[in-house]
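As structure tokens, the structure follows; a few thoughts come after it.
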Amino acid sequence: MIPETGQFALILALLVALTQSVVPLMGAAARDPARMALARPAALAQFLLIAISFGALMACYVTSDFSVLNVAENSHTDKPLLYKISGVWGNHEGSMLLWVLILSLYGAAVALFGGNLPAPLRARVLSVQGMISVGFLLFILLTSNPFTRLDPAPVNGNGLNPLLQDPGLAFHPPFLYLGYVGFSMAFSFAIAALIEGRVDAAWARWVRPWTLAAWCALTLGIAMGSWWAYYTLGWGGWWYWDPVENASFMPWLAGTALLHSAIVVEKRDALRGWTILLAILTFSLSLLGTFLVRSGILTSVHSFASDPARGVFVLALLGICTGGSLFLFALRAGKLVGGGLFAPISREGALLINNVLLSTAAGTVLLGTLYPLIADALDLGKLSVGPPFFNTVFLPLMIPMVLLMALGPFLSWKRGDLAGALSRLKFVFAAAIVVAIASWLLAGGSSGPLWAAGGIALSAWLILGSLLEWVERVRLKSGFWRRVRNTPRAAHGMTLAHLGLGIVIAGITGSTAWKTEHIQVMSIGQSIDVAGYQVTLDGVQDNVPGPNYSALRAQFTARKGGRVIVMHPEKRSYRNPPRPVTSAAISTNFVGDLYVVIGEPDPSGGYVTRLYYNPLAPWIFLGAVVMVFGGLVSLSDRRFRIGAPKRAAAAATAKA
Amino acid sequence: MRWTILVPLILFVVLLGFFGVRLTQMERGDMPNDIKTVLIDKPIPDFTLPPLIAGSPGLSSADFQGKVTLVNFFASWCVPCRGEHPLLAGLADKVALVGVAYKNKPDEAINWLAGMGNPYQTVAADFDGRVAIDFGLYGVPESYLIDRQGRIRYAWKKPFTPEEIRDKLLPLIAELNK
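As they're listed, the protein sequences go chains G and Z. The first sequence maps to residues 1 to 656 in the numbering used here. The second sequence maps to residues 657 to 834 in the numbering used here.
Right, here's the structure in full:
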């Protein structure tokens, strides 16, 4: 009965979404307040119905109802409750249901908190959201029904891939989707603006918080996935340039560009057409990611049950959504050109270069990701594009961007003073060089690569430059706290987000350049020196029981100075489905990670062990958290809470 | 209206075209992880291999003249080979089937064949995998169909399925035997 309720609610949600996509749009065209007003209750009802449906699927998982095919294929009674719940989105059908749940959540949020939007804009935005919902609800109901029954029901299920049974990964998809799907808001606002033929500062102010919220969630989602890869896959890597990772990274790059170009629209009423295009492209890249992942059109280490038939459906959705909006853009964008003028050297100019670099970066990642597919279609053979390509093309784009990131905030709007900005940064430049040389020497000088010094210099330049800008803004003198409070939170947010990226860059540099790695057979009692730690294999215990696995559990003791660290890496054999999983033991002191993996027993009586020291690795994830925190601080800015001035008033001031 | 405004739409349509082509190819069975070989229609690499079982004949590139031969690389340590093995038995009367034990200890491979049945006319041993390199082997099992002139006409770089044998392999053997 519960699965049928879920499916029925989903069909009702489709009907509501259909109404939501048609009636308010017609109402907005006819200036009919009654039909426009339908958008809000429809968005709320749609969310409620999808939530009921999602709740029904979750109930099937929690109660292990194996008469539901999806539950039987992906769950097992042995699983801890957390993974029964996360199992709901650990598969294609359930994750699509989560996708539409989040989509309708954003729609409901606009209905609830969008009180300051003009009624026609709100009606159109919600109507576009409704259209996206219709497409994806049809996709679920026609090709990927999570409520299909299984008769006879098996005694137990197949279980969830043990690699996914991890707290870090349990919440990775919800955040990722909050990000992906969140960009649908910017998209809907862009389409509504194109229909209205009107983009102004007020529009940018309305669209920015939604983009910012989506960006925060996506940043966190990507960081969680990366962190999970770092601590579970057992070799200390955290990014692989795999197609599925790229699928999440491209919308991130485009979304970051969008955040910055929306500022220019808001403050200076320039870059309007470009911002609309970016809003369309950012969400299109999210859809493209969905298509690439679900269709199996690319080979990836991340496997979803791939199915060309589903691929055709998502491709059709992508074609209608992106093709339709780009067509609308081509029709209407001519009206959007113009706006505020600015000199090449100015805050706008810096933000424009940031946009060019970020979108070029997104474009190169797209090219690298799709190249195997293009080669395949043109019969040039099967090939794959790996890290060497991405590192070669991506870094040259990021270096000027980071250099500019510290400089840009020092330039004023409209016409900036480059010489003045550079002279204010000269001590930062000198300090960055000193920090780089000092850390390079500290890390053993020529034993590490020279480029590492460059990476640290960039990181220090960005961190110190951002701090200097903040210090100049609040001036560390009397009245400091008053100035801190009076500074818009968006400015604090920017400083934090830029600092966060600086920390990430230091982490990437350190963990790539100065990593130490020891792979060997160790007998019990043997010690190995790893980056100053004396690591001893104390013993190994087999068949340690876990909730749904048994483990080979090793005990290592690491000693450095007077410090003694006991570590327990495991090699787990899961029962359902039977699969070995390594569980690394990581001891962090926030400057570096000691990373220990136990492997197979060796005929000689020892064990294969892998011991790593990853300097600055925790900074990658710490920096990402700081970036997200910056985004949240910016999101709490007063002008988003109070809302923009009325449009008419804004237009009047613009004329005056 | 400036034409540049159409650029995103045009690029997107081209991209859609590529996706469409690939999805159609995938419907026909050309998946992205299917590895093709560059050796199609080329003569087989020059090699000589010792027999797996001492005293029986070995295998060399000269043995492929005048008959249609299916070369199957296998190993006792390879789990997918175990799944494929029963299908090979059904081919023994339709084509000259030869096996190559890839990076396998002789006694382990011999025991494996004794337990699973030996469908091969000849079994050679490629202990160090050198000949496999010349064939461009990615893993085991892999199979190559050689025509009467000693040219590779077909390669299957994963375990056989009954459908693949019925729809592709057997018709090709019949054609090459004409």
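Ideal placement from N, C-alpha and C gives every residue a C-beta, glycine not left out.
- In the DSSP assignment, the residues bridged to Glu517/G are Tyr612/G.
- Residue nearest to Val100/G within the set Val134/G, Ile519/G, Ile191/G, Cys321/G is Val134/G (criterion: CA-CA distance).
- Between Ser384/G and Pro396/G, the C-beta spacing is not below 8 Å.
- In this structure, Leu298/G sits away from Pro251/G, with a CB-CB distance that is not shorter than 8 Å.
- The residue from Asp719/Z, Trp659/Z, Thr693/Z with its alpha-carbon nearest to that of Leu380/G is Thr693/Z.
- Between the segment 12 to 31 of chain G and the segment 120 to 139 of chain G, the count of Cβ pairs shorter than 8 Å is three or higher; the stretches touch.
- When CB distances to chain G are screened at a threshold of 8 Å, the residues of the segment 665 to 683 of chain Z falling below it are Leu665, Phe668, Val669, Leu671, Leu672, Phe674, Phe675, Gly676, Val677, Arg678, Leu679, Gln681, Met682, Glu683, in chain order.
- Within the DSSP secondary-structure output, Phe729/Z pairs in a beta bridge with Val756/Z, Glu798/Z.
- The beta carbon of Thr364/G sits no closer than 8 Å to any beta carbon of chain Z.
- Residues of the segment 303 to 322 of chain G that bring their beta carbon within less than 7 Å of a beta carbon in chain Z comprise Pro308, Gly311, Val312, Leu315, Gly319, Thr322, in sequence order.
- Put simply, of Gly420/G, Asn161/G, Ile620/G, Arg572/G the residue whose alpha carbon is nearest the alpha carbon of Asp593/G is Ile620/G.
- Taken through DSSP and simplified to helix, strand or coil, Lys414/G comes out as coil.
- Its chain contains Phe291, Arg294, Ser295, Gly296, Ile297 as the residues whose beta carbon lies nearer than 8 Å to that of Gly311/G, once the 5 sequence neighbours on both sides are disregarded; these appear in chain order.
- Not a single C-beta of chain G is nearer than 8 Å to the C-beta of Ile696/Z.
- Residues are counted here when their Cβ sits less than 8 Å from a Cβ of chain Z; for the segment 364 to 384 of chain G these are Leu370, Pro372, Leu373, Ile374, Asp376, Ala377, Gly381, Lys382, given in chain order.
- Counting only residues of its own chain and dropping the five nearest sequence neighbours on each side, Pro577/G has a CB closer than 8 Å to the CB of Asn158, Gly159, Asn161, Pro162.
- Contact between Met398/G and Leu462/G is ruled out by a C-beta separation of about 11 Å, above the 8 Å threshold.
- Residue range 119 to 143 is occupied by the alpha helix (DSSP H) that includes Leu121/G.
- If you look at Gln20/G, you'll find it in the alpha helix (DSSP H) that goes 2 to 30.
- When rounded, the separation of the alpha-carbon atoms in Gly502/G and Thr516/G is 23 Å.
- For Ile598/G, the enclosing beta strand (DSSP E) has its first and last residue at 592 to 601.
- For the set Ala452/G, Phe556/G, Tyr549/G, Ile565/G, the Cα lying nearest the Cα of Arg572/G is the one of Tyr549/G.
- Separation of Tyr574/G and Pro80/G (C-alpha to C-alpha, rounded to the nearest whole angstrom) is 13 Å.
- The criterion of a C-beta distance shorter than 8 Å is not satisfied by Phe629/G and Leu467/G.
- By the CB criterion at 8 Å, Ile700/Z and Ile829/Z fall outside the cutoff.
- Counted as a single uninterrupted DSSP element, the alpha helix (DSSP H) harbouring Met58/G occupies residues 39 to 62.
- Secondary structure within the segment 289 to 362 of chain G: the alpha helix (DSSP H) runs of 4 or more consecutive residues, fully enclosed, are 308 to 318, 324 to 332 (chain order).
- Between Ile808/Z and chain G, the shortest Cβ-Cβ separation is not below 8 Å.
- Within chain G, the C-beta atoms nearer than 8 Å to that of Pro688/Z come from Gly296, Ile297, Leu298, Thr299, Pro372, Leu373, Asp376, Lys382, in chain order.
- Residue pairing by DSSP puts Asp782/Z in a beta bridge opposite Tyr758/Z.
- With fewer than 16 other CB atoms across the displayed protein chains lying within 10 angstroms of its CB, Ile320/G is exposed.
- Using a CB distance cut-off of 8 Å, Leu277/G counts as an interface residue toward chain Z.
- Judged by DSSP in its simplified three-state form, Ser523/G adopts coil rather than helix or strand.
- Interface criterion not met: the Cβ of Leu793/Z is under 8 Å from no Cβ in chain G.
- Leaving aside the five residues that flank Met26/G on each side, the residues in its chain whose CB is nearer than 7 Å to its CB run, in chain order, Arg35.
- Between Ile11/G and Val68/G, the alpha-carbon positions lie close to 18 Å from each other.
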